[in-house]
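Note that my numbering has the sequence shown beginning at 5, numbered continuously upward.
Positions of the beta carbon are idealized from the N, C-alpha and C atoms, including for glycine.
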Amino acid sequence: MFLPDSFLQLLLALGATMNAPTRASWVTVVKGWLFAGRRTLTGVLVAAGAVGDKHHSAYYRVFATARWSLDALGLALFALARPLLEPGAVPLTLDDTLARKRGVKMFGTGMHHDPLASSRQCAVLSWGHSWVVLAVRVQLPCVPGRYFSLPLLFRLYLNRKSAARWRLTYRTRPQLAVEMLKCLSKGVPERRFHVYADSAYGGQSVLAHLPDRFDLTSRMPLDARLHAPVPARRTTTRGRPRRRGPRLPNPEQMLEKQKARHLTLRLYGRQDKVRVVEGLVYWYSVPNRLLKVVVVEPLTGNRPVQAFYSTVSTQTAEEVLQGYAGRWSIEEAFQGSKSHLGFEEPQGWSRLAVRRTAPMAMLLYSLTVLWFAREGHTHYEPPFRPWYRHKVRPSFADMLTTLRYACLRSAFSATPRDEQGQQKPLLLLPGSSQAAA
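Okay, here's the thing in structure tokens:
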């Protein structure tokens, strides 16, 4: 299987920190990953047409024992995404997702909350891996009006029972998130960042440990204890200085006591009428950081009152809400990686193999979007769907299909004219056409 030159250049730039033999095997795995029906390593090798080129154990060693850093790949991916970044703070999206697994001997597995199988009345636990993911949010010139979150950095979360079983120090998801933020801060010291995360990462465990040059927008509990600035201290006052000012109404009380504005916002692809109040406050759990709090009561859609905050006190309420709404793009990245790139399918069981293999699906998601932004959009042909005439923008599935067709064109154009060379792409064609459909 052959890759388009433009995509191969992105791939080689991403794997520049690997040595030559490891990078060659890794590129072969990526080729097969695009077309494999199920992303086991043997299935990937069959799809790549690499069976017999070298012993299959060499490809297993790429993930299980080879010396390379997944964080280095993430930082290289950020460098590739730089042309799509706008001036100012770089928007980041932070969240976690579950990869369902089977088997008790696989490293890092445990019981975790399954949001897809759960409801408001019933919480469901599933066996698998819980991944904390940090992504950079971009807008493509060829797909206006839509955000894409490109996964960069990954951390595998082990619950207390799993950490004890594997004799590792237990670390919470927020602690893993802070570690990734510090990694990005160290790797990209010249840029400022703005993180958008849900309430799981909005508490003091992240807010109080944000690296320099990082801001955060997240949700706030409606009963949060809020305070005014600390009043000026008199010189004759004895005792310790005050850390918090006078108590202020909590977010729920703010909506009742303050005069609200009525706004019409377009969020999550639809228009909503809302009542909004806002203010500058200090949160009890992080008393040294001024926050912009925005409390929203939807007047349509039958949704509950919600409160949000931003560490950028100069932002307007509209900017806070629209920035947080863009966080949904990481959910689309999770869905695309699982449905189209087999994020949950790798069967590696050793420690390094588990930590490296599944994130390849999300890195490939990011590479596919970057390739489409650079060149792929020129090859994109909107499919004719009489029942779907209102579709105006390509989805990730369309981008992946465009890349697969480009790979097939490269395979045919690069095939020698001898009989053996002509057979190889023809053998790949049925499965490839099915995958690209």
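Give the straight-line distance between the Cα atoms of residue 111 and residue 352, rounded to the nearest whole angstrom. Residue mapping note: residue 111 aligns to position 107 of the sequence shown, counting from 1. Residue mapping note: residue 352 aligns to position 348 of the sequence shown, counting from 1. Approximately 9 Å, taken between the alpha carbons.
Near residue 401, which residues of its chain fall below 7 Å by C-beta distance, leaving aside the five closest residues on each side in sequence? For the purposes of this step, residue 401 is identified with residue 397 of the sequence shown, where counting begins at 1. Excluding residues within five positions, the ones whose Cβ falls inside 7 Å are 344.
Neighbourhood of residue 249 by C-beta distance below 8 Å, restricted to the same chain and skipping five residues each side: Locating residue 249 in the sequence shown gives position 245, where the first residue counts as 1. 231, 232, 233, 234, 235 and 286.
In chain order, what are the residue ranges of uninterrupted alpha helix (DSSP H) at least 4 long that sit wholly in the region 58–98? 61–68 and 74–85
Tell me, please, whether the region 383–401 touches the region 199–208 by the rule of three or more beta-carbon pairs shorter than 8 Å. No: the two stretches stay apart, fewer than three of their Cβ pairs being nearer than 8 Å.
Quick one: is residue 48 buried, meaning 16 or more other Cβ sit within 10 Å of its Cβ, or exposed? By one-based count along the sequence shown, residue 48 stands at place 44. Residue 48 comes out buried.
How is residue 162 classed by DSSP in three states: helix, strand or coil? To locate residue 162, count along the sequence shown from 1; it is residue 158. In this structure, residue 162 counts as coil in the three-state DSSP scheme.
Touch check for the region 128–138 and the region 156–167: three-plus C-beta pairs under 8 Å? yes
If you compare alpha carbons, which of 28, 38 and 330 is closest to residue 341? The sequence position of residue 341 within the sequence shown is 337, counting from 1. When only C-alpha atoms are compared, the closest one is 38.
Out of curiosity, what's the CA-to-CA distance linking residue 308 and residue 36? Here residue 308 refers to the residue found at position 304 when the sequence shown is read from its first residue. Here residue 36 refers to the residue found at position 32 when the sequence shown is read from its first residue. If you take the alpha carbons of residue 308 and residue 36, they lie about 46 Å apart.
Can you tell me which of the three DSSP states residue 301 falls into? If you number the sequence shown from 1, residue 301 lands on position 297. DSSP places residue 301 in strand when its eight states are reduced to three.
Taking buried to mean at least 16 other C-beta atoms within 10 Å of its own C-beta, is residue 254 buried or exposed? Locating residue 254 in the sequence shown gives position 250, counting from the first residue. Under this definition residue 254 is a buried residue.
So who's on the other strand from residue 143, going by DSSP bridges? The residue labelled residue 143 in the question sits at position 139 within the sequence shown. Answer by DSSP bridge pairing, in chain order: 151.
Out of 197, 266, 107 and 277, which has the shortest C-alpha to C-alpha gap to residue 90? Here residue 90 refers to the residue found at position 86 of the sequence shown. Of the listed residues, the one whose Cα sits closest to residue 90 is 197.
Pair within 8 Å by beta-carbon distance, residue 103 and residue 362: Counting from 1 along the sequence shown, the entry for residue 103 is found at position 99. Counting from 1 along the sequence shown, the entry for residue 362 is found at position 358. Yes, the Cβ-Cβ distance between residue 103 and residue 362 is below 8 Å.
Integer Cβ distance of residue 99 from residue 334, believed to fall under 8 Å: As a working mapping, residue 99 is identified with position 95 in the sequence shown. As a working mapping, residue 334 is identified with position 330 in the sequence shown. The beta carbons of residue 99 and residue 334 sit about 5 Å from each other, so the pair counts as a contact at 8 Å.
Would you say the region 254–263 touches the region 180–199, given that touching needs at least three Cβ pairs under 8 Å? The region 254–263, when compared against the region 180–199, does not touch it at the 8 Å Cβ threshold.
Taking the straight line between their C-alpha atoms, what separation do you get for residue 55 and residue 414? Residue mapping note: residue 55 aligns to position 51 of the sequence shown, counting from 1. Residue mapping note: residue 414 aligns to position 410 of the sequence shown, counting from 1. Straight-line Cα distance between these residues: approximately 20 Å.
In angstroms with no decimal places, state the Cα-to-Cα distance between residue 473 and residue 252. Only positions 5 to 441 of the chain appear in this structure, which leaves residue 473 out of reach.
Quick one: Cα of residue 242 to Cα of residue 113, how far? To locate residue 242, count along the sequence shown from 1; it is residue 238. To locate residue 113, count along the sequence shown from 1; it is residue 109. Approximately 55 Å between the Cα atoms of the pair.
Output the distance between the C-alpha atoms of residue 109 and residue 166, rounded to the nearest integer angstrom. What you label residue 109 is simply residue 105 of the sequence shown in a count that begins at 1. What you label residue 166 is simply residue 162 of the sequence shown in a count that begins at 1. When rounded, the distance between both Cα atoms is 11 Å.
Who are the Cβ neighbours of residue 101 in its own chain at under 6 Å, not counting the five residues just before and after it? For the purposes of this step, residue 101 is taken as residue 97 along the sequence shown, with counting starting at 1. If we look at residue 101 and ignore the five residues flanking it on each side, its Cβ neighbours are 135 and 338.
By the three-class DSSP mapping on this structure, what secondary structure does residue 200 have? Residue 200 sits at position 196 when you count from the first residue of the sequence shown. Correct three-state label for residue 200: strand.
Considering Cα atoms alone, identify which of 53, 171 and 173 is closest to residue 6. Translated into positions along the sequence shown, residue 6 becomes position 2. It is 53.
Since residue 140 and residue 96 are thought to touch, with beta carbons under 8 Å apart, how far apart are those beta carbons, to the nearest angstrom? Against the sequence shown, residue 140 aligns to sequence position 136. Against the sequence shown, residue 96 aligns to sequence position 92. Right, the Cβ-Cβ distance comes to about 6 Å (below 8 Å), so this counts as a contact.
Hey, quick one: how far does the beta strand (DSSP E) through residue 314 stretch, first residue to last? By one-based count along the sequence shown, residue 314 stands at place 310. Run containing residue 314: 310–314, per the beta strand (DSSP E) assignment.
Hey, is the region 317–333 in contact with the region 267–276, meaning 3+ C-beta pairs nearer than 8 Å? yes
Of all the beta strand (DSSP E) runs that stay within the bounds of the region 196–252, which reach a length of 3 or more residues? 197–201 and 218–224
Proximity to residue 80 [Cα-Cα], best of 14, 62, 292 and 319: Here residue 80 corresponds to residue number 76 of the sequence shown, with the count starting at 1. It is 14 whose Cα lies nearest to the Cα of residue 80.
Measuring only the C-alpha atoms, how far is residue 440 from residue 169? As a position in the sequence shown, residue 440 is number 436, starting the count at 1. As a position in the sequence shown, residue 169 is number 165, starting the count at 1. Model confidence at residue 440 stands at a pLDDT of 42, short of 50, so the residue's coordinates are unreliable; what they give is reported in the following sentence. Distance between the alpha carbons of residue 440 and residue 169: 42 Å.
State the start and end residues of the unbroken alpha helix (DSSP H) segment that holds residue 324. The sequence position of residue 324 within the sequence shown is 320, counting from 1. That run of the alpha helix (DSSP H) goes 321–329.
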